[in-house]
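Undergrad: Note that the protein sequences, when read in sequence, are chains A and B. Residues 1 to 269 in the numbering used here are what the first sequence spells out, letter by letter. Residues 1 to 269 in the numbering used here are what the second sequence spells out, letter by letter. Okay, here's the structure, questions in a sec.
There are 2 protein chains.
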Amino acid sequence: MEEWYGEKQTKDVMISFKSSKIIYSGKSKFQDILLIENETYGRILMLDGTVQLTEKDEFIYHEILAHIPLMSLTEPKKVLIIGGGDGGLAREILKHSVSNVDIVEIDEEVVKISKKFLPFVSSSYSDRRLRLFIEDGAEFVKKSKGKYDAVLIDSTDPVGAAAVLFTEEFYRNIKNLLKKDGIIGSQTGSPFMYPGHLKMAYENMRTLFNTIKIYTAPVPTYPGAIWSFTFATNGDLKRKRTRNFRTMFYNEEYHDTNINPEFIKELVH
Amino acid sequence: MEEWYGEKQTKDVMISFKSSKIIYSGKSKFQDILLIENETYGRILMLDGTVQLTEKDEFIYHEILAHIPLMSLTEPKKVLIIGGGDGGLAREILKHSVSNVDIVEIDEEVVKISKKFLPFVSSSYSDRRLRLFIEDGAEFVKKSKGKYDAVLIDSTDPVGAAAVLFTEEFYRNIKNLLKKDGIIGSQTGSPFMYPGHLKMAYENMRTLFNTIKIYTAPVPTYPGAIWSFTFATNGDLKRKRTRNFRTMFYNEEYHDTNINPEFIKELVH
Numbered sequence: 001m002e003e004w005y006g007e008k009q010t011k012d013v014m015i016s017f018k019s020s021k022i023i024y025s026g027k028s029k030f031q032d033i034l035l036i037e038n039e040t041y042g043r044i045l046m047l048d049g050t051v052q053l054t055e056k057d058e059f060i061y062h063e064i065l066a067h068i069p070l071m072s073l074t075e076p077k078k079v080l081i082i083g084g085g086d087g088g089l090a091r092e093i094l095k096h097s098v099s100n101v102d103i104v105e106i107d108e109e110v111v112k113i114s115k116k117f118l119p120f121v122s123s124s125y126s127d128r129r130l131r132l133f134i135e136d137g138a139e140f141v142k143k144s145k146g147k148y149d150a151v152l153i154d155s156t157d158p159v160g161a162a163a164v165l166f167t168e169e170f171y172r173n174i175k176n177l178l179k180k181d182g183i184i185g186s187q188t189g190s191p192f193m194y195p196g197h198l199k200m201a202y203e204n205m206r207t208l209f210n211t212i213k214i215y216t217a218p219v220p221t222y223p224g225a226i227w228s229f230t231f232a233t234n235g236d237l238k239r240k241r242t243r244n245f246r247t248m249f250y251n252e253e254y255h256d257t258n259i260n261p262e263f264i265k266e267l268v269h
Numbered sequence: 001m002e003e004w005y006g007e008k009q010t011k012d013v014m015i016s017f018k019s020s021k022i023i024y025s026g027k028s029k030f031q032d033i034l035l036i037e038n039e040t041y042g043r044i045l046m047l048d049g050t051v052q053l054t055e056k057d058e059f060i061y062h063e064i065l066a067h068i069p070l071m072s073l074t075e076p077k078k079v080l081i082i083g084g085g086d087g088g089l090a091r092e093i094l095k096h097s098v099s100n101v102d103i104v105e106i107d108e109e110v111v112k113i114s115k116k117f118l119p120f121v122s123s124s125y126s127d128r129r130l131r132l133f134i135e136d137g138a139e140f141v142k143k144s145k146g147k148y149d150a151v152l153i154d155s156t157d158p159v160g161a162a163a164v165l166f167t168e169e170f171y172r173n174i175k176n177l178l179k180k181d182g183i184i185g186s187q188t189g190s191p192f193m194y195p196g197h198l199k200m201a202y203e204n205m206r207t208l209f210n211t212i213k214i215y216t217a218p219v220p221t222y223p224g225a226i227w228s229f230t231f232a233t234n235g236d237l238k239r240k241r242t243r244n245f246r247t248m249f250y251n252e253e254y255h256d257t258n259i260n261p262e263f264i265k266e267l268v269h
């Protein structure tokens with residue numbers, strides 16, 4: 001049976017996908033989970049009615065959030081992911097010769113469903129360097145004693161439960177988990193549709209770190225389609241290496257030039 | 001009365017906008033014209049059910065199509081626009097000290113409605129440097145004797161009547177209208193959703209010109225959200241000047257670095 005599923009990106013803009021098949025529909029302790037098949041975008045994972053990833057365009061988001069910080073480090077070994085239970089961000093990180101990737105995902109159902117139905121991202125779970133903690137990310141960073149080269153936040157937008165993942169306190173706890181010159185990175189939302197999200201993350205990270213940079217990229221199925229990623233460190237964010245793996249969006253020129261549209265430069269300065 | 005208006009971007013992906021007001025709805029000799037007001041994107045012009053421009057995001061498309069070619073010329077004086085009856089591309093071109101901008105628009109109704117309801121783009125019509133020809137663009141370039149510094153194609157997608165605007169013959173006729181080192185530029189569609197459109201334009205221009213470059217930018221309300229623009233010349237596309245006007249997307253770094261995602265480099269090489 002064919003049906004359309006839509007996300008209201010704002011109160012008066014909607015993106016909808018016709019499903020050729022509903023692969024999974026259920027409710028976890030935390031959220032509604034819907035997984036559909038769409039001819040244009042492939043498999044689409046929606047959490048509480050919001051597009052989390054699509055098979056066709058997830059590479060853009062995951063490549064940027066992974067490779068900007070990791071290529072800025074000479075020899076990254078240990079990486080922590082807050083969120084990212086689908087495994088897509090881990091897949092990109094595991095392209096580097098890291099020794100250990102920890103995922104802290106609050107919703108076990110997201111992991112289970114990804115493992116079962118989204119092999120293009122969850123294949124990373126078969127890598128023995130990956131460890132999974134089913135736990136609240138904000139709590140985890142409060143009590144963890146581990147030290148990481150990079151901590152990456154692959155969260156939902158800062159509304160409801162995820163709002164804490166954009167606070168200064170959260171970033172300060174992450175700073176305590178970073179090695180000297182370690183890097184924090186986060187998706188920071190749609191600068192076009194919700195500039196306040198980016199501004200909030202940017203201001204809160206800036207008070208804690210010497211170096212901060214915003215990268216933007218198009219993510220076709222996210223609200224406003226222009227997406228922002230913010231990275232901060234007390235080291236630097238210059239590229240240290242050249243890829244020895246394939247990407248579909250990220251490349252060395254993109255990393256090195258860090259071009260942002262004029263309206264983003266006007267937003268934070 | 002509030003209603004939703006949608007564009008099927010592919011057969012199974014749709015973007016929809018709630019109209020707080022229908023500003024105009026009618027049928028010209030060439031197409032259905034619909035103009036609605038939407039809180040998020042402002043005024044939205046749809047032709048045959050396809051988003052042509054929105055008040056909030058039109059600047060990205062228009063700035064790139066205008067400023068990449070014009071900033072690549074030391075002293076551009078005469079510019080021809082094929083399509084672009086709304087006036088938005090002309091608005092950007094008129095920020096340069098050109099002496100003359102000719103618009104060749106096939107549909108007079110688009111001009112009339114833009115003048116009446118879309119002042120943020122059509123304000124350019126009050127500039128005396130602008131001339132309007134209501135005519136078929138493909139016919140115009142066949143017979144015109146004028147010489148231009150730049151000819152810019154602000155067309156709909158290469159389906160139906162606009163298909164001719166992506167052919168080698170059309171580009172050859174434009175080449176005849178260009179001064180030595182003059183530049184041709186065209187919107188070349190969604191490389192993500194319809195890579196064939198870009199490939200076709202690129203291959204056809206490449207046979208005629210020595211230098212060719214693709215620029216990409218996000219246009220949130222267009223299919224696939226990642227948009228391509230292709231420029232070609234027998235001169236070069238290096239930036240010759242620095243802006244003495246304000247933009248919201250284009251800047252000098254964007255022009256100079258010409259970064260494209262990996263998947264576009266793999267598409268045309």
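Think of the CB as a built atom: it goes at the ideal place given N, C-alpha and C, for glycine as much as any other residue.
So what does DSSP say about S19(B), is it helix, strand or coil?
TA: Within the second sequence, numbered from 1, the residue matching residue 19(B) stands at position 19. It is a strand residue.
Undergrad: Quick one: is Y5(B) near chain A, going by C-beta distance under 8 Å?
TA: Numbered from its first residue, the second sequence carries residue 5(B) at position 5. It does not: the Cβ of Y5(B) has no partner Cβ on chain A nearer than 8 Å.
Undergrad: Across the region 205-221 of chain A and the region 232-249 of chain A, are there enough close Cβ pairs to call them in contact, namely three or more that are closer than 8 Å?
TA: Enough Cβ pairs lie closer than 8 Å, so yes.
Undergrad: By a C-beta neighbour count over all protein chains shown, 10 Å radius and 16 as the cutoff for buried, is V159(A) buried or exposed?
TA: Along the first sequence, one-based indexing puts residue 159(A) at 159. V159(A) should be labelled exposed.
Undergrad: The region 238-267 of chain B: which residues have C-beta closer than 9 Å to a C-beta of chain A, in chain order?
TA: Residues passing the 9 Å Cβ filter: R246, T247, M248, F249, Y250, N251, E253, Y254, D256, T257, N258, I259, N260, P261, E262, F263, K265 and E266.
Undergrad: Measure how close the beta-carbons of I153(A) and I103(A) come, nearest whole angstrom, since I'm counting them as under 8 Å.
TA: Position 153 of the first sequence holds residue 153(A). Position 103 of the first sequence holds residue 103(A). Incorrect: roughly 12 Å between the Cβ atoms, too far for contact.
Undergrad: Closer than 7 Å by beta-carbon distance: list the chain A residues that pair up with I184(B), in chain order.
TA: The residue labelled residue 184(B) in the question sits at position 184 within the second sequence. The contacting residues do not exist; I184(B) stays about 24 Å from chain A at best.
Undergrad: In chain order, what residues of the same chain have a beta carbon less than 6 Å from the beta carbon of H67(B), not counting five sequence neighbours either side?
TA: Position 67 of the second sequence, counting from 1, holds the residue named residue 67(B). Only Y250 meet the Cβ criterion.
Undergrad: I'd like to check one pair, P261(B) with D57(B): are the Cβ atoms closer than 8 Å?
TA: Here residue 57(B) corresponds to residue number 57 of the second sequence, with the count starting at 1. Here residue 261(B) corresponds to residue number 261 of the second sequence, with the count starting at 1. No, these two residues do not count as a Cβ contact at 8 Å.
Undergrad: Taking only beta-carbon positions, decide if N38(B) is within less than 8 Å of chain A.
TA: Indexing the second sequence from 1 puts residue 38(B) at position 38. At least one chain A Cβ lies under 8 Å of N38(B).
Undergrad: Using a C-beta to C-beta distance shorter than 9 Å, which residues of chain A count as neighbours of F120(B)?
TA: The sequence position of residue 120(B) within the second sequence is 120, counting from 1. What F120(B) touches in chain A: nothing, since even the nearest Cβ is about 16 Å away.
Undergrad: So with Cβ pairs under 8 Å, would you call K112(B) a contact of chain A?
TA: As a working note, residue 112(B) is residue 112 in the second sequence. It does not: the Cβ of K112(B) has no partner Cβ on chain A nearer than 8 Å.
Undergrad: Return the chain-ordered list of same chain residues with a C-beta closer than 6 Å to the C-beta of L34(A), the five sequence neighbours on each side being excluded.
TA: Looking up residue 34(A) in the first sequence gives position 34. Answer for L34(A): S25 and M46, listed in chain order.
Undergrad: Rounded to a whole number of angstroms, what is the C-alpha to C-alpha distance between S186(A) and Y41(B)?
TA: Stepping through the first sequence from its first residue, residue 186(A) is reached at position 186. Stepping through the second sequence from its first residue, residue 41(B) is reached at position 41. In a straight line, the C-alpha of S186(A) is about 27 Å away from that of Y41(B).
Undergrad: Give, in chain order, every unbroken run of the alpha helix (DSSP H) that is at least 4 residues long and sits entirely within the region 81-147 of chain B.
TA: Runs of the alpha helix (DSSP H) inside the region 81-147 of chain B: 88-93, 108-117, 119-122 and 137-143.
Undergrad: Using a Cβ-Cβ cutoff of less than 7 Å, which residues in the same chain neighbour K142(B) once the five nearest sequence positions on both sides are dropped?
TA: Counted from its first residue, the second sequence places residue 142(B) at position 142. Closer than 7 Å at Cβ, skipping near neighbours: N173.
Undergrad: When you compare only the Cα positions, how much space is there between K27(B) and T247(B)?
TA: Residue 27(B) sits at position 27 when you count from the first residue of the second sequence. Residue 247(B) sits at position 247 when you count from the first residue of the second sequence. So the alpha carbons of these two residues sit roughly 34 Å apart.
Undergrad: Roughly how many angstroms separate the alpha carbons of F263(A) and S19(B), rounded to a whole number?
TA: Reading the first sequence from its first residue, position 263 is the one you call residue 263(A). Reading the second sequence from its first residue, position 19 is the one you call residue 19(B). Roughly 26 Å between the two C-alpha positions.
Undergrad: Please state whether DSSP places Y194(A) in a helix, a strand or coil.
TA: Within the first sequence, residue 194(A) is the residue found at index 194, counting from 1. Reduced to three states, the DSSP call for Y194(A) is coil.
Undergrad: I'd like the list of long-range same chain contacts for L89(B), defined as Cβ closer than 7 Å, with 5 residues on each side in sequence excluded.
TA: The sequence position of residue 89(B) within the second sequence is 89, counting from 1. Here the set comprises H62, L65, A66, I81, L152 and D154.
Undergrad: Where does A217(B) fall in DSSP's three states?
TA: Working through the second sequence from its first residue, we reach residue 217(B) at position 217. A217(B) falls in the strand class under three-state DSSP.
Undergrad: On the three-state DSSP scale, how would you describe N176(B)?
TA: Along the second sequence, one-based indexing puts residue 176(B) at 176. Note: N176(B) maps to helix in three-state DSSP.
Undergrad: What's the gap between the Cα of P13(B) and the Cα of G224(B)?
TA: Start at 1 with the first residue of the second sequence, and residue 13(B) comes out as number 13. Start at 1 with the first residue of the second sequence, and residue 224(B) comes out as number 224. First, the amino acid is wrong: residue 13(B) is Val here, not Pro. Taking the straight line from one Cα to the other gives about 10 Å.
Undergrad: For N48(B), tell me which candidate among K29(B), L198(B), G182(B) and Y125(B) has the shortest Cα-Cα distance.
TA: Here residue 48(B) corresponds to residue number 48 of the second sequence, with the count starting at 1. Reading off the sequence, residue 48(B) comes out as Asp, not Asn. Checked all of K29(B), L198(B), G182(B) and Y125(B); the closest Cα to D48(B) is K29(B).
Undergrad: How many angstroms separate the CA atom of R243(B) from the CA atom of I60(B)?
TA: The residue you call residue 243(B) lines up with position 243 of the second sequence. The residue you call residue 60(B) lines up with position 60 of the second sequence. So the alpha carbons of these two residues sit roughly 16 Å apart.
Undergrad: Would you tell me roughly how many angstroms separate the C-alpha atoms of I44(B) and I23(B), rounded to the nearest one?
TA: Here residue 44(B) corresponds to residue number 44 of the second sequence, with the count starting at 1. Here residue 23(B) corresponds to residue number 23 of the second sequence, with the count starting at 1. Going from the Cα of I44(B) to the Cα of I23(B) covers about 9 Å.
Undergrad: Per DSSP, which one or two residues make a beta bridge with I33(B)?
TA: For this step, residue 33(B) is matched to residue 33 along the second sequence. Beta-bridge pairing links I33(B) to G26(B) and L47(B).
Undergrad: So is H269(A) buried or exposed if we call it buried at 16+ other beta carbons inside 10 Å?
TA: Reading the first sequence from its first residue, position 269 is the one you call residue 269(A). Per the 10 Å Cβ criterion, exposed.
Undergrad: Give me the Cβ distance between P191(B) and I226(B), rounded to the nearest whole Å; I'm assuming they're in contact under 8 Å.
TA: Start at 1 with the first residue of the second sequence, and residue 191(B) comes out as number 191. Start at 1 with the first residue of the second sequence, and residue 226(B) comes out as number 226. Contact flag correct, Cβ pair sits at about 6 Å.
Undergrad: List the residues of chain B whose Cβ lies closer than 7 Å to the Cβ of S228(A), in chain order.
TA: Here residue 228(A) corresponds to residue number 228 of the first sequence, with the count starting at 1. Result: empty, since nearest Cβ-Cβ is about 11 Å, beyond 7 Å.
Undergrad: Say whether chain A places a C-beta atom closer than 8 Å to the C-beta of P220(B).
TA: Reading the second sequence from its first residue, position 220 is the one you call residue 220(B). So yes, P220(B) belongs to the interface.
Undergrad: Quick one: Cα of I212(B) to Cα of S123(A), how far?
TA: Residue mapping note: residue 212(B) aligns to position 212 of the second sequence, counting from 1. Residue mapping note: residue 123(A) aligns to position 123 of the first sequence, counting from 1. Looking at the two C-alpha atoms, the distance is approximately 40 Å.
Undergrad: Return the chain-ordered list of same chain residues with a C-beta closer than 8 Å to the C-beta of K240(B), the five sequence neighbours on each side being excluded.
TA: Sequence index remark: in the second sequence, residue 240(B) carries index 240 (1-based). So the list reads M71, S72, L73 and T74, once near-sequence residues are dropped.
Undergrad: Per the DSSP calculation, G285(B) is bridged to which residue(s)?
TA: Residue numbering for chain B in the displayed model covers 1 to 269; residue 285(B) lies beyond these limits and cannot be assessed.
Undergrad: What's the call for V78(A), buried or exposed, on a 16-neighbour Cβ count within 10 Å?
TA: Position 78 of the first sequence, counted from the first residue, corresponds to residue 78(A). The sequence as given places Lys at residue 78(A); Val does not occur at that position. It counts as buried.
Undergrad: Using the Cα positions of G85(A) and A162(B), report the straight-line distance between them to the nearest angstrom.
TA: In the first sequence, counting from the first residue as 1, residue 85(A) sits at position 85. In the second sequence, counting from the first residue as 1, residue 162(B) sits at position 162. Cα to Cα, the separation comes out at about 45 Å.
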